[in-house]
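Undergrad: Residue numbers for the sequence shown follow the working numbering, beginning at 2 and rising by one.
One structure is given below, represented as structure tokens, and several questions about it will come after.
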Amino acid sequence: DPLGHLPKLYFDTVVFDHGVLRHVVEQAGASQVVLGTDYPFDMGEPDPVGFVRGSGLPEAEIETILGNGARLLEEMQTP
């Protein structure tokens, strides 16, 4: 079952549509979604935090997504 592998993957929020973001969160979980920007390229969302906040997701999921990048960096261990 391919969906069984979702917990091993991370997705970013550069999806250009709130419905798509909600679907990704529904399928993978907010814990697997990180804030994306596509910086320095000009094709990304100009206000990535505002995009996530305006997505219609529950506040708890929004806060999870916005904090995931920092959490993942903190969990990384160097050899």
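All C-beta atoms in this analysis are idealised placements derived from N, C-alpha and C, irrespective of residue type, glycine included.
If you're wondering where the values come from, they're calculated on a predicted model, not measured in any experiment.
1. In this structure, does DSSP put residue 16 in helix, strand or coil?
2. In the DSSP assignment, the alpha helix (DSSP H) including residue 31 goes from what residue to what residue?
3. Out of 9, 30, 18, state which residue places its alpha-carbon closest to the alpha-carbon of residue 59.
4. Which residue from 17, 14, 20, 32 puts its Cα closest to that of residue 7?
5. Out of curiosity, what's the CA-to-CA distance linking residue 16 and residue 42?
6. Nearest to residue 20 by CA position, among 65, 55, 68, is which residue?
7. Have a look at the DSSP bridge pairing and note the partners of residue 35.
8. Could you check which residue in 14, 10, 3 has the C-alpha nearest to that of residue 81?
TA: By the coordinates alone:
1. coil
2. It is not in any alpha helix (DSSP H) - residue 31 carries neither H nor E in the DSSP assignment.
3. 30
4. 32
5. 15 Å
6. 55
7. 13
8. The question about residue 81 has no answer, for the chain in this structure spans 2 to 80.
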